[in-house]
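Participant: In full-length UniProt numbering, the protein residues as written are 1 to 234.
C-beta atoms are modelled at their ideal positions from N, C-alpha and C, and glycine is treated no differently.
#1: Which residues mark the beginning and the end of the beta strand (DSSP E) in which residue 178 is found?
#2: Considering only C-alpha positions, which residue in the set 43, 199, 124 is nearest to residue 213?
#3: Could you pull out every residue in the same chain whose Cβ sits closer than 6 angstroms to the Cβ of residue 161, ignoring the five residues on either side in sequence?
#4: Could you give the C-beta distance for residue 229 and residue 159, rounded to a whole number, given that I count them as a contact under 8 angstroms?
#5: Which of the three DSSP states, helix, strand or coil, is assigned to residue 59?
#6: Does the region 88-95 come within contact of the region 108-120, defined as at least 3 CB pairs closer than 8 angstroms?
#7: Quickly, what does DSSP pair residue 191 with across the bridge? List them, please.
#8: How far does the alpha helix (DSSP H) with residue 109 in it reach, from first residue to last?
#9: Quick one: what's got a C-beta closer than 6 angstroms to residue 103's C-beta in the same chain, skipping five residues either side?
#10: Going by alpha carbons, who is nearest to residue 30 out of 114, 201, 148, 68?
#11: Between which residues of its own chain and residue 81 is the CB-CB distance below 6 angstroms, once the five residues before and five after are set aside?
#12: Looking only at its chain, what residues have a beta carbon closer than 7 angstroms to the beta carbon of residue 84, apart from the 5 residues adjacent to it on each side?
#13: Below 7 angstroms CB to CB, which residues in the same chain sit around residue 22 once its five sequence neighbours on both sides are set aside?
#14: Can you check whether the CB of residue 50 is closer than 8 angstroms to the CB of residue 17?
#15: On the premise that residue 132 lies in contact with residue 145, defined as a C-beta separation below 8 angstroms, what is that separation, rounded to the nearest angstrom?
#16: Assuming residue 38 and residue 71 are in contact, meaning their beta carbons sit under 8 angstroms apart, how far apart are those beta carbons, in whole angstroms?
#17: By the three-class DSSP mapping on this structure, what secondary structure does residue 211 have?
#18: What are the boundary residues of the alpha helix (DSSP H) that residue 38 is part of?
#19: Just to check my reading of the structure: residue 117 and residue 218 have Cβ atoms closer than 8 angstroms, yes? What is that Cβ distance to the nearest angstrom?
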């Protein structure tokens with residue numbers, strides 16, 4: 001019934017397809033049923049069908065990738081949110097949520113699954129995960145942050161603690177921020193709010209390089225999260 005409702009909705013509004021983002025199947029049976037849903041949808045229409053995929057082996061363990069490949073037009077690999085406020089209890093400290101080294105590892109993992117990589121779209125993110133540092137004297141990767149809820153200030157556009165668009169970060173007064181780049185992760189890092197807040201993201205030039213790299217290694221394309229974060233702060 002769900003597949004029929006999806007198809008009817010797409011046809012009623014003349015859409016070009018459906019994209020589902022389930023995070024994540026919790027059992028082998030759920031993964032198999034997920035594939036059956038897409039098989040049913042594809043049997044009733046010829047429009048596009050796609051899903052989001054997590055970038056870690058643990059979260060992917062119940063996705064029947066080879067079976068999904070038969071019913072899927074493309075996959076979007078979520079190459080972002082590797083780090084965030086949810087890591088507080090793990091005591092791993094701050095990190096760049098779009099670390100290029102982790103992205104490379106995730107692509108290598110997906111390729112080993114045997115799916116058609118021309119159907120794979122690499123994720124790109126134009127926002128930062130932000131943290132409130134426990135100490136202003138420790139600002140590198142792995143430094144401790146406060147929790148369990150985020151103590152970082154909210155942005156005017158996103159209005160969410162622990163998360164800021166690039167435009168929000170760049171709108172912070174230059175006298176109240178310190179910014180530097182990390183060559184290994186291809187990330188920019190910034191401290192602000194008198195050094196108490198910490199953010200890491202991939203700047204525009206590095207995002208362009210990432211998109212080009214996806215093309216060079218033979219992926220189908222790239223997908224940005226999210227276009228509305230490019231809005232001006234004011």
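Facilitator: To lay it out plainly:
#1: Walking along the chain shown from the start, residue 178 turns up at place 178. Start and end: 177-182.
#2: Translated into the one-based positions of the chain shown, residue 213 becomes position 213. Considering only alpha carbons, the answer is 124.
#3: What you label residue 161 is simply residue 161 of the chain shown in a count that begins at 1. The residues are 150, 152, 154.
#4: For the purposes of this step, residue 229 is identified with residue 229 of the chain shown, where counting begins at 1. For the purposes of this step, residue 159 is identified with residue 159 of the chain shown, where counting begins at 1. Actually they do not touch by this definition, with Cβ atoms about 12 angstroms apart.
#5: Residue 59 sits at position 59 when you count from the first residue of the chain shown. In this structure, residue 59 counts as helix in the three-state DSSP scheme.
#6: Touching, no.
#7: Position 191 of the chain shown holds residue 191. Its beta-bridge partners are 178, 198.
#8: Counting from one through the chain shown, the residue named residue 109 turns up at place 109. Looking at the DSSP string, the run of the alpha helix (DSSP H) that includes residue 109 is 100-112.
#9: Walking along the chain shown from the start, residue 103 turns up at place 103. Contacts found: 79.
#10: Locating residue 30 in the chain shown gives position 30, where the first residue counts as 1. Closest by alpha carbon: 68.
#11: Position 81 of the chain shown holds residue 81. Closer than 6 angstroms at the Cβ level, and outside the excluded window around residue 81, lie 97.
#12: Taking the chain shown and counting its residues from 1, the one referred to as residue 84 is at position 84. Here the set comprises 97, 129, 162.
#13: Residue mapping note: residue 22 aligns to position 22 of the chain shown, counting from 1. Around residue 22: 34.
#14: The residue you call residue 17 lines up with position 17 of the chain shown. The residue you call residue 50 lines up with position 50 of the chain shown. Contact: yes.
#15: Against the chain shown, residue 145 aligns to sequence position 145. Against the chain shown, residue 132 aligns to sequence position 132. Contact annotation, residue 145 with residue 132: C-beta distance approximately 6 angstroms; criterion of less than 8 angstroms satisfied.
#16: Counting from one through the chain shown, the residue named residue 38 turns up at place 38. Counting from one through the chain shown, the residue named residue 71 turns up at place 71. The pair is a contact, with the Cβ atoms about 4 angstroms apart (cut-off 8 angstroms).
#17: Counted from its first residue, the chain shown places residue 211 at position 211. Here residue 211 sits in helix by DSSP.
#18: Locating residue 38 in the chain shown gives position 38, where the first residue counts as 1. Residues 28-44.
#19: Here residue 117 corresponds to residue number 117 of the chain shown, with the count starting at 1. Here residue 218 corresponds to residue number 218 of the chain shown, with the count starting at 1. Confirmed, Cβ separation roughly 5 angstroms.
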